Every structure is written in C-alpha cells, then in structure tokens.
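What follows is a single structure, written as structure tokens, with notes after it.
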Amino acid sequence: MQPVKWLVEFVDVRLGIKEIYQKELKGYLLPRKVNVWYTLGAVLLTLFTIQIITGILLLMFYVPDAEKAYASVEAIMNDVPFGWLFRMLHVVGANVIVIALLMHMLSVLFMNSYKGRREFTWLTGFILFNLAMGLCLTGYLLPWSQLSFWATTVATDAAGAIPLVGDQVVEFLRGGPTVDNQTLGRFFALHVVGMPLVLLGLIGLHLFCVKRRGISTPPFGEDYREPQEMPFFEHEKHPGGIPFFPNYFVKDAAVIAFFMAFMLAIIFYAPGLFFPETAFQRADPFVTPPHIKPEWYFLWAYQTLKIFPSKIIGLGVQVAFMTFLALLPFIDRSRERRPAKRPLFVTCYVLGILLFVAISIWGHYS
Amino acid sequence: MIRTSTQLFLLAVLSLCLVPALAPAADTVCLQCHGGLDGRLGDPVDAWRTSVHAENDISCHDCHGGDPTDMAMAMSPERGFIGVPEYTEVPDFCGRCHVGVAKAYKAGAHGQAIDRGGAQCVVCHSNHAIQPASLDMINEKDCTRCHSYERAALIRLALVETDTMIKNVEQDLDKLHRLGFAVDDMQGTLFNQRNIFHRTFHGVDVERVRAETGDVQAALGKIKDKIDTIKTTLGQRKLWGSVVIGLIVLAGIVFLLIRKSYEEDEHS
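For the protein sequence lines, the chains are G and Y, in the order given.
Quick note: the first sequence uses this note's numbering, first residue 1450, plus one each step.
Quick note: the second sequence uses this note's numbering, first residue 843, plus one each step.
See the structure below:
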C-alpha cells in the first residue's frame, strides 16, 4: 500500500474522515449558478490567516513600549531577516482585507443574500467588519510614528462628542488624558489578544450560520425562484448543485491566487502606497504634522464629522447609518431578491457607493 | 423596502447639502496680531508664510525673541524681545543659529566689507521670505547690483557639481526613508556635509571653494555607495517578487482552467 493511502486509511478507521469528506466537501452542494462573488469568504479566510501568521512573526521582535516601539519596528524593517516582508504583508494585507470585506458586503447587499432567514449570518458578518476596523485602528498606533500618534489622537478625540460621558470615554480609550504609553499598552493588548480571540469566535459563528442555513441562490436568471419559507427551521439544499470540493474549490483557489498577486504587486511595485511620510517619523507629542489624515477606509467617517456643524451630529449620523446597516435584514422584510425587480433599492445602492467614494475623496483633499 | 430605500436616499442628499465647518489653525500671538495688519507691520507675515523658516516651524519669536503665548507681553524686552537688528548686526542676528556660515561669511570679502555697505545675509536671502539656499542665488542680476560677476561666476561653476550631487543624494535618501529604510545616519552625514558646503562658499574665495568641495564630494561618494547597495537589494527584491507574482498568477489561471473543465462536465 502507498504511504499516503495507508495514512488515509489509518486515520479513517479511527476518525471516519472519508465520511466527513463525502458529506462536508464533495457532498456539500452549491447552487448551480453560484458566481465569483461567492469566493470572497474564502479569500477573507486566507487573508485573516496571513494576518495571524505575520502578526505572530512581528510579535517576536516588536516592543510595546513608547520609548522602544518605533526603534523595534525600524529594526524589523532593516535588521530582521525578511522582517520587511512580514511587516509589508501585515500592513498591505490589512488594507486588502478591508477591500475584500467591502466587496463581500456589497455583493451580499446587491444580491440581497441577507434575506431568507439569514439575519444572523448578516449580523455576525457586520460585527466582523467592524471588528476588522477596530483591529486596523488599534494596529495603527503600534509603530508609534507621527502618523500613528496623531491619527489615534484624532480618532479617540471623536468619542469626546458623546454627550455627558464623552470626556470619560476618551480617557477610557486612551488610558489617560492624552495618547501615551498607557494607550499603546491597551491598544497592543487589544490588537494581539482581545480582538483576535473575538474575531476567531465570530468567524466560527459566521461560518456556522452560513453552513447551517445553507448558501443562498444567486437571484439572477429567468428560472430563478425564491425558495418557500417553512414555519420551521430548514437547511436550504441545492439538489443537482455543484460539489464544493473540488468543483468550486478551484475557483476559490483561483481568486485567492489573484488576491495574493495583487497584494504582492503592491508590496514589490508600490511599497509606499499605504505609508505617508509621517509613517516613518518617530511620534512627537509636541509637533503636530500638517494635513494628518486617517487611513482611506476611515476618511468617510473623518469627513462626516467635519461637514456637520457639530461633532455630535456627525457622530449621530454615523451611528444611525451603521445601526441601519446592521439591522437591514430586520427592516427590509420584502421577500423579493432580484435587483432587476427592485429599481429603487439599486438606485440607493449605487448612490450610497458614490456618496461613500465622494465623501472619502473630499476627506482626503479637505 | 420603499421606506428603507427612501431613508437611504434622503440621508445621501442631506449629507451632500451640508456645508463644511472648518476649524482655524492655531497660531502664535505674533501671527494673530500682525497677520491682521496692513503694510509694513503685516507684510512680513505673508512673506514668512512662503519661507523655508515657516516650512520648518521657525516662527517670529525664534529670531526676534519675545513671548509668543502672551499678547500683552509678546514684545517685552523682559521676555527676551530683541526687535529688528541694524544693518551691520544682521550677520550676528542670523549667526545665532547659522553659526558656521556666519563665521565663514565674516572671514570672507562680504563680511570684511560690511561697514562699507558690503552684502550681508538679507541682501541675498531676503529677510522674511527666506528661500532655501540654492545656486540660483548666485546670478548675474543680483551680484552685479554691487560688483562685477566674474568672480561669482567662477565660484558658481566650482559649486555646480557638488550642489547637484547633494540634491541627488538628498532625493535618494528621502525615497529610501519613505520605504522604511533606516537612513538617519546617512541623513546626518549629508546634513553635516551640506553645512560645510554652505560655509565654504560664504567665504567667497574661489581656490578655497575648489579645495573644500573635493572633500565634501568624497564624503557624499561614501553615502552614494551605501545608497547603491540598498538600491541593488531593492532591485533583487523586485526581481524575486516578480517571479513569485508570476507563479501565483499562473497558478490562478491553471485553477480557472480546471474549473472550466468541471463546468463542461457539469453542463454535459
């Protein structure tokens, strides 16, 4: 018997892995019309895995102390073998994750895949999106550069607009009246332990929701029929569908490969894309750099705070918008999923994206 | 759903209609007061804002003294206000910071002739709209305001090569710094060499300029060698990166082709 075959048999008689393979991979059927947008979940899983691996590697050399943090990051970039690659993968990977998350959420929104009793799937996904933003924000401070310091000062300052308890919230976030060593300590702990643990749990819950309820059918084509909803739980099956493995898995692998190529292309051909000049200046609380801006994915929030006459209104609009998005499956109760049959929804969808882009560009140049 | 979409649309329109409320930048009391004045008392503020001093956060009080935080005592001698220097005092006024340049200037022809109207700092560099020192300042139009251009032209010629070298090294170091390379030591050496270079030609002695720029060029050459080594490393990274990217794209294409074959099976 060949060694691999022997090993499979050895494990199978003990754990029944062939049955799992038949049931969960080859026997797990997807809708026949499943499209490329359905691969983004696998892409995100891969990107999060890369973040964890590179994060652990960076953790070996990073020193979470305001006096030493900047020098340790500089050493990672210059002295540690392949340290520059780990860090670039981590930083660029974080930005690519945000791109993939936005694409994933927008495709789910466009195909109305949150419908059909998938409220929990949407909600866990939405919380994951916000958690990823939180990881970006906490990770931003760690290099202790001018950019880190002042972007965190501005970001935490926004919480001061909360009525009555604003100042206390700011102080709680920073661990003191200003951003300093205590802020670095708590952001570090949240970034490397607290948030990743919650993230892993939520990813598990999200995948459980997806798997338990079943993959939604893309709402396109003349033969599309919305499955009937029964008054009890039912897994949405796709008889005669495509086996997940290997049939659809290869498509997942192809899109993952293209995302990896995109990420590496930024690292090798445009390494400075996500690093403004202030990212390579040691934090100085006494010198405010001119034109400090948050990362591109926070520009819409930054500009929203500026365009309203008071911060509290800007913050209120952001909270209202995010709450509306989070609760969308509970608000939008119509069963129709086909975009062609929902012109008003599609108009708002397109206008919403244009507004997000316009406000972000405005924020960049304001 | 119509209600939901209408809400989203109204939010979009509302956001676009609102006018931005921008916060004013914080200034010193000198800028706050003089910035609102016209003519002789206000012009220096506008001129200063275009200067290399403003770029580097060197403000009014750094040269003129005084207290930039107290409107009432800002111009009090008790708080170190020294006001405007006399014509012959200017080299010492600027020389508090530009020590080496002031020393070289005083030893040179310009400095020796200051009591007879010889050029001092502001004659060439202006007073408030101070621009970064460059070779363009040595030109026929400006130099011939006081004397013939021959000697100045020779000095300029001796400086061109070193000046270009300094600019190129500076640009290269800035680029490498933006990529995360630790170039502080090299930037420190460059800063030092540029100061020596500036000091050299403030003495307006052609032979001395020729001799000393040679030393500066040798030091710059060492920095250039280090930059070239880093550039070679970057080139190698890009080469290997291209190979890896190519292989990954190829793998992606192969996966797509396999998917295509599955699709044919699924449709048959």
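C-beta: ideal position from N, C-alpha, C; glycine also.
Since the structure is predicted, the reported quantities are computational estimates derived from the model, not experimental observations.
- Across the set G:Ala1769, G:Phe1637, G:Ala1789, G:Phe1794, the C-alpha of G:Phe1637 shows the shortest separation from the C-alpha of Ala1515 (chain G).
- Nearest C-alpha to Cys1797 (chain G) among G:Tyr1477, G:Pro1530, G:Leu1555: G:Leu1555.
- Here Asp1057 (chain Y) has Ile1038 as same chain residues with Cβ atoms under 8 Å from its own Cβ, once five neighbours each way along the sequence are excluded.
- DSSP, reduced to helix, strand and coil, places Ser1103 (chain Y) within a helical segment of the structure shown.
- One Cα belongs to Glu920 (chain Y), the other to Ile1808 (chain G), and the distance between them is close to 50 Å.
- In this structure, Pro1788 (chain G) keeps its C-beta atom at 8 Å or more from the C-beta atom of Pro1667 (chain G).
- Within the region 990-1014 of chain Y, no residue places its CB atom closer than 9 Å to a CB of chain G.
- Taking every protein chain shown into account, the CB of Phe1657 (chain G) has fewer than 16 other CB atoms within 10 angstroms, so this residue is exposed.
- Asp1005 (chain Y) counts as buried, since at least 16 other C-beta atoms from the protein chains shown sit within 10 angstroms of its C-beta.
- Residue-level contact check: Phe1729 (chain G) touches chain Y, since one or more beta carbons of chain Y fall below 8 Å from its beta carbon.
- In this structure, DSSP gives Arg993 (chain Y) a helical state, which the three-state scheme calls helix.
- Residue environment for Glu1003 (chain Y): exposed (fewer than 16 other C-beta atoms within 10 angstroms of its C-beta).
- CA-CA distance, Ile1008 (chain Y) to Leu1018 (chain Y), rounds to 15 Å.
- Assigned with DSSP and collapsed to three states, Ile1808 (chain G) falls in helix.
- With fewer than 16 neighbouring CB atoms inside 10 Å of its own CB, Met913 (chain Y) falls in the exposed class.
- By the rule that beta-carbons nearer than 8 Å mark a contact, Glu1106 (chain Y) does not touch chain G.
- Per the DSSP secondary-structure output, Arg1731 (chain G) pairs in a beta bridge with G:Ser1594.
- By the Cβ-count criterion, Ile1505 (chain G) is exposed, with fewer than 16 other Cβ atoms from all chains shown falling within 10 Å of its own Cβ.
- Taking a cut-off of 8 Å for Cβ pairs, the region 1592-1609 of chain G and the region 1672-1685 of chain G do not touch, as fewer than three such pairs fall below it.
- For Cys985 (chain Y), same chain residues with a beta-carbon under 7 Å away, outside a window of 5 residues either side, are Tyr991, Ala994 in chain order.
- Scanning the region 1024-1064 of chain Y for uninterrupted alpha helix (DSSP H) segments of 4 residues or longer gives 1026-1044, listed from N- to C-terminal end.
- Under DSSP, the beta-bridge partners assigned to Ile1691 (chain G) are G:Leu1479.
- Residues of chain G with a Cβ closer than 8 Å to the Cβ of Phe1023 (chain Y) are, in chain order, Met1526, Asn1527.
- The beta-carbon distance between Glu1108 (chain Y) and Ile1691 (chain G), rounded to whole angstroms, is 6 Å. This is short enough to meet the 8 Å contact definition.
- For Asn1010 (chain Y), the three-state secondary structure derived from DSSP is helix.
- Contact of Phe1717 (chain G) with chain Y is assigned, a C-beta pair being separated by under 8 Å.
- Secondary structure note for His1684 (chain G): it is in no alpha helix (DSSP H), with a DSSP letter that is neither H nor E.
- Look at Lys983 (chain Y) here: in three-state DSSP terms it is helix.
- For Leu1591 (chain G), none of the residues of chain Y pass the 7 Å Cβ criterion, the least Cβ distance being about 15 Å.
- Per DSSP, reduced to three states, the secondary structure at Lys1073 (chain Y) is helical.
- Contact note: Val1086 (chain Y) reaches chain G through Leu1713, using a C-beta cutoff of 7 Å and chain order.
- Residue contact check for Ile1664 (chain G) against chain Y: no CB pair falls below 8 Å.
- The C-beta of Asn1544 (chain G) comes no closer than 8 Å to any C-beta of chain Y.
- Less than 8 Å divides the Cβ of Met1537 (chain G) from the Cβ of Pro1720 (chain G).
- As summarised for the region 899-966 of chain Y, the continuous alpha helix (DSSP H) elements at least 4 residues long and confined to that stretch are 902-906, 932-937, 941-949, 951-954, given in chain order.
- Listed by position along chain G, the residues whose Cβ is nearer than 7 Å to that of Ala1093 (chain Y) are Ala1706.
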